[in-house]
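Residue numbers (my numbering), protein chains in the order written: chain A, 1 to 264; chain B, 265 to 530. C-beta: ideal position from N, C-alpha, C; glycine also. Below: one structure, written as structure tokens.
In structure tokens, the structure reads:
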């Protein structure tokens, strides 16, 4: 405790924490424990979990491969319209995912902007697992871009300039200096992107549809079961919460701890 | 060091306190507006009707007529999937009338003594919906099983999916959909955007969609008829009005509105 906080802050802070945690507690209390294992290992549940993990991993990879270069360009170069581009790139963070799904539909759908071109190439994305990944990349990429760009700006260009004056080529600087310095930010961005991909629902249901093993990811399966079998829905929800906690706990802990220790 | 940083941090906290206080103020306003409902009841009675999503157009019209006949009554409509609405009523939502899209959902509320003597007021059957240009050339129910047909249906977990599965098994046709949607409106959406070649929806959905889709009736649908029941909610504070609303829905005037939308008579 280096600074003293005003005491009255504690009440709203406690309310906020309780408001965020109480629903999770309520859900855990509602779980049908004797039937839990059976519910989460049913064929449809296993298909949904496996599909979510696979698509989440692929979309996170795509986010890293495309998002890191975009973040670097936004953080390290100057060009007209850059501010506007940055705002627009972050738009998926703010717009409802359903709207994102509709936008994807009008772009890559059969009658969309690129639909005719894709069909001519023999590529059909609608109702496929590829569509699920595309929806996830659309909503998750901004998370990665934001945190990587933030890390790049905080790190500054000093080391890169020094490396360049010592004769390193731009590619070497990017690989050996830029990337390692922003690794913590990049890691937390990657975790966020993965978590967002796992949780993606609105854009997927609008753009990709829902079919067991192909497009019915865990959130979609939960939404479906909620009507017919609330016990299964709660059990699957808990699985998703556990996966999220696991992912964040394993990867997130390190950069935060490192950053906190750094100034000392 | 502390003395120097203190005023700076004080300056920082005041603008931060702004949004926090504004948030509390919003909560306060919300709370007053929520409790405010009680006060209004003295002047204007509010009748709350929970109705299946497919009844949106018809019940809005019927509610307007009901309000015209009862000058001091305000009808509040809540449309959603029947199972979702039933869940809300089980959770204590303040409903006076419940109209469900299937008897199963209504029966669960009857079993819990939450509604009184439901009565059927409309029926609905399935119809094939295709984009206006019918790209896959669908003409019969059996055509839906074609290898290159992108078919979208309701998931077996929801009422329209039950009906779809039953029609398919009665007709001896194995459907291979590209997507099993959560609701009939989701199915319709995939057809109106042209993503799907065909979808199985209710007759009334095809009517409501107008020129965005083409409806193809099929013989096999006649054997699977979905019945819509309506009932006053047991705990309603306006039991008489709720009963009157039910009567209105089942009256000739109500039936006419429903028939125009494509509903059948039970």
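{"Item": "Considering residue 510 of chain B, what are the terminal residues of the alpha helix (DSSP H) in which it resides?", "Value": "503-514"}
{"Item": "Quick check on residue 519 of chain B - is its C-beta less than 8 Å from some C-beta in chain C?", "Value": "Reference to chain C is not applicable here, since the protein chains of this structure are A and B."}
{"Item": "Are any of the Cβ atoms in chain B nearer than 8 Å to that of residue 127 of chain A?", "Value": "yes"}
{"Item": "Of the residues B:439, B:503, B:325, B:424, which one's Cα is nearest the Cα of residue 405 of chain B?", "Value": "B:439"}
{"Item": "For residue 195 of chain A, which option in A:19, A:218, A:179, A:173 has the closest C-alpha, if you only look at C-alpha atoms?", "Value": "A:218"}
{"Item": "Compare the C-beta of residue 223 of chain A with all C-beta atoms of chain B and state if any pair is closer than 8 Å.", "Value": "yes"}
{"Item": "Please go through the same chain and pick out, in chain order, the residues whose beta-carbon is closer than 7 Å to the beta-carbon of residue 63 of chain A, but skip the five residues on each side of it.", "Value": "137, 140, 141, 144, 193"}
{"Item": "Name the residues in the stretch 425-458 of chain B whose C-beta lies less than 8 Å from a C-beta of chain A; which are they?", "Value": "441, 442, 443, 444, 445, 446, 450, 453, 454, 457, 458"}
{"Item": "Output yes if chain A places a C-beta closer than 8 Å to the C-beta of residue 422 of chain B; else output no.", "Value": "yes"}
{"Item": "In angstroms, rounded to a whole number, what distance separates the CA positions of residue 108 of chain A and residue 324 of chain B?", "Value": "36 Å"}
{"Item": "Are at least three pairs of beta-carbons, each pair with one atom in the stretch 99-117 of chain A and one in the stretch 215-229 of chain A, less than 8 Å apart?", "Value": "no"}
{"Item": "Less than 8 Å between CB atoms is the rule here; does residue 515 of chain B satisfy it with respect to chain A?", "Value": "no"}
{"Item": "Taking the beta strand (DSSP E) that residue 478 of chain B belongs to, which residues open and close that run?", "Value": "478-480"}
{"Item": "In chain A, what lies closer than 8 Å to residue 419 of chain B by C-beta?", "Value": "210, 224"}
{"Item": "For chain B, is any of its Cβ atoms less than 8 Å away from the one on residue 84 of chain A?", "Value": "no"}
{"Item": "Just to confirm before moving on: does the CB-CB distance between residue 417 of chain B and residue 402 of chain B stay below 8 Å?", "Value": "no"}
{"Item": "Would you check if the distance between the CB atom of residue 455 of chain B and the CB atom of residue 390 of chain B is smaller than 8 Å?", "Value": "no"}
{"Item": "Are the C-beta of residue 526 of chain B and some C-beta of chain A separated by less than 8 Å?", "Value": "no"}
{"Item": "Under 7 Å Cβ-Cβ, which residues of chain B neighbour residue 78 of chain A?", "Value": "What residue 78 of chain A touches in chain B: nothing, since even the nearest Cβ is about 30 Å away."}
{"Item": "Within a Cβ cutoff of 7 Å, which residues of the same chain sit near residue 321 of chain B, ignoring the five residues on either side of it in sequence?", "Value": "472, 525"}
{"Item": "Over the uninterrupted alpha helix (DSSP H) stretch that includes residue 227 of chain A, give me the two end residues.", "Value": "218-228"}
{"Item": "Please list, in chain order, the chain B residues whose beta carbon lies closer than 9 Å to that of residue 72 of chain A.", "Value": "Simply none; closest approach about 32 Å."}
{"Item": "Within 8 Å of any Cβ in chain B, is that where the Cβ of residue 187 of chain A sits?", "Value": "no"}
{"Item": "Which two residues bound the contiguous beta strand (DSSP E) that contains residue 339 of chain B?", "Value": "337-344"}
{"Item": "Should residue 506 of chain B and residue 311 of chain B be called a contact, given that it needs their Cβ atoms to be closer than 8 Å?", "Value": "yes"}
{"Item": "Just tell me which of A:168, A:97, A:102, A:173 has its CA closest to the CA of residue 199 of chain A.", "Value": "A:97"}
{"Item": "I'd like to know whether the C-beta of residue 30 of chain A is nearer than 8 Å to at least one C-beta of chain B.", "Value": "no"}
{"Item": "Indicate whether at least one CB of chain A lies closer than 8 Å to the CB of residue 347 of chain B.", "Value": "yes"}
{"Item": "For residue 243 of chain A, which residues in the same chain have their Cβ closer than 7 Å to its Cβ, ignoring the five residues on either side in sequence?", "Value": "198"}
{"Item": "For residue 414 of chain B, which residues in chain A fall below 8 Å Cβ to Cβ?", "Value": "126, 127"}
{"Item": "Please report the straight-line C-alpha distance between residue 46 of chain A and residue 518 of chain B, rounded to a whole angstrom.", "Value": "47 Å"}
{"Item": "Between the Cα of residue 371 of chain B and the Cα atoms of B:491, B:529, B:508, which residue gives the shortest distance?", "Value": "B:491"}
{"Item": "Hey, out of A:12, A:167, A:205, whose CA is closest to residue 132 of chain A's CA?", "Value": "A:205"}
{"Item": "Residue 151 of chain A and residue 186 of chain A - do their beta-carbons sit closer together than 8 Å?", "Value": "yes"}
{"Item": "With a Cβ-Cβ cutoff of 8 Å, do residue 413 of chain B and residue 318 of chain B count as a contact?", "Value": "no"}
{"Item": "For residue 450 of chain B, count neighbouring C-beta atoms within 10 Å of its own C-beta (all shown protein chains included) and say buried if the count is 16 or more, exposed if not.", "Value": "buried"}
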